[in-house]
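Residue numbers (full-length UniProt numbering): 1 to 244.
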């Protein structure tokens with residue numbers, strides 16, 4: 001009987017412990033019920049973000065191609081103007097030589113036919129060195145402006161490289177988000193062929209332009225918003241830290 005009462009006491013203690021444990025189990029159950037909609041919302045958000053990323057990368061690629069085409073057309077026009085200026089310089093040099101010969105001949109005629117009004121009138125309408133120097137100075141200023149335009153257009157190449165860097169980051173993040181989505185759905189991961197096409201593009205992620213430009217500022221801000229994550233290794237580390 002003593003053993004029976006002892007067992008009954010143990011059973012009573014078990015029931016008392018069970019009564020204390022039930023509220024805790026109920027809280028865990030309620031927490032799980034509240035977590036399921038949250039996980040479904042996260043799953044949906046990841047799916048929506050992943051579906052929008054390819055469109056964003058394609059738009060960035062289109063912007064880069066459009067700016068490259070426009071820059072090429074501008075450079076072609078600049079080259080045409082530069083060629084015309086070179087022709088002007090060449091003709092001006094020839095004109096200087098011819099003018100010098102005309103002056104020499106005019107001086108000979110003046111010394112031979114002194115007090116000739118027609119010769120004096122001819123010399124008064126002749127071009128002077130100052131006028132040709134003004135033409136040369138103006139042409140040099142135009143050429144300098146053309147060189148500045150050509151140098152300034154390097155912003156397109158730098159912006160394109162930075163857009164390629166942003167594209168690389170977006171594709172890497174898309175791959176990670178797709179992996180998370182597959183893990184949540186319990187599916188096996190597959191390699192993304194579309195992202196590998198963008199990976200073949202080479203770029204300099206540290207490219208910068210020294211002058212102030214709105215397009216350059218936009219590209220710099222896009223790179224700055226990545227919080228310094230620039231390499232695939234750092235992106236992997238970022239996601240691994242978030243999963244811990």
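Backbone N, C-alpha and C define an ideal beta-carbon position, used for all residues, glycine too.
The structure displayed is predicted, hence computed values, not measured ones.
Exercise. Kindly indicate which three-state DSSP category residue 164 falls into: helix, strand or coil?
Key: For this step, residue 164 is matched to residue 164 along the chain shown. Helix, per DSSP.
Quiz prompt | Between the CA atoms of residue 150 and residue 80 - distance to the nearest angstrom | solution = Locating residue 80 in the chain shown gives position 80, counting from the first residue. Locating residue 150 in the chain shown gives position 150, counting from the first residue. Cα to Cα, the separation comes out at about 12 Å.
Quiz item: So which of 41, 63 and 147 has the shortest CA-CA distance to residue 166?
Solution: To locate residue 166, count along the chain shown from 1; it is residue 166. Of 41, 63 and 147, the residue nearest in Cα terms is 63.
Quiz prompt | Proximity below 8 Å, CB of residue 92 to CB of residue 132 | solution = Locating residue 92 in the chain shown gives position 92, where the first residue counts as 1. Locating residue 132 in the chain shown gives position 132, where the first residue counts as 1. Yes. Within cutoff.
Exercise. Could you name each continuous beta strand (DSSP E) segment of 3 residues or more that falls completely within the region 97-160, going from the start of the chain to the end?
Key: none
Exercise. Measure the beta-carbon distance from residue 57 to residue 170 and round it to whole angstroms, keeping in mind my assumption that it falls under 8 Å.
Key: Locating residue 57 in the chain shown gives position 57, counting from the first residue. Locating residue 170 in the chain shown gives position 170, counting from the first residue. Their Cβ separation, rounded to whole angstroms, is 5 Å, which keeps residue 57 and residue 170 in contact under 8 Å.
Quiz item: At what residue ranges does the region 40-92 contain a whole run of the beta strand (DSSP E), taking only runs of 3 or more?
Solution: none
Exercise. Return the CA-CA distance between residue 102 and residue 121, expressed in angstroms with no decimal places.
Key: Within the chain shown, residue 102 is the residue found at index 102, counting from 1. Within the chain shown, residue 121 is the residue found at index 121, counting from 1. Using only the alpha carbons, I get a separation of about 14 Å.
Exercise. Take the Cβ of residue 216 as the centre, count every other Cβ of all protein chains shown within 10 Å, and call the residue buried at 16 or more, exposed below.
Key: Taking the chain shown and counting its residues from 1, one reaches residue 216 at position 216. Low per-residue confidence applies at residue 216: pLDDT is 48, beneath 50, and the placement is therefore not dependable, though the value from the model is reported in the following sentence. Flag for residue 216 reads buried.
Practice problem: Classify residue 13 as buried or exposed, calling it buried when 16 or more other Cβ atoms lie within 10 Å of its own Cβ. | Solution: In the chain shown, counting from the first residue as 1, residue 13 sits at position 13. Label assigned to residue 13: exposed.
Quiz prompt | Residue closest to residue 87, alpha-carbon to alpha-carbon, out of 139, 49, 71 and 51 | solution = In the chain shown, the residue the question calls residue 87 occupies position 87. Residue 87 has its Cα closest to that of 139, out of 139, 49, 71 and 51.
Quiz prompt | Proximity of residue 153 and residue 74 at Cβ, strictly below 8 Å | solution = For the purposes of this step, residue 153 is identified with residue 153 of the chain shown, where counting begins at 1. For the purposes of this step, residue 74 is identified with residue 74 of the chain shown, where counting begins at 1. Yes, Cβ-Cβ distance for residue 153 and residue 74 is below 8 Å.
Quiz item: What's the C-alpha gap between residue 25 and residue 168?
Solution: Reading the chain shown from its first residue, position 25 is the one you call residue 25. Reading the chain shown from its first residue, position 168 is the one you call residue 168. Going from the Cα of residue 25 to the Cα of residue 168 covers about 47 Å.
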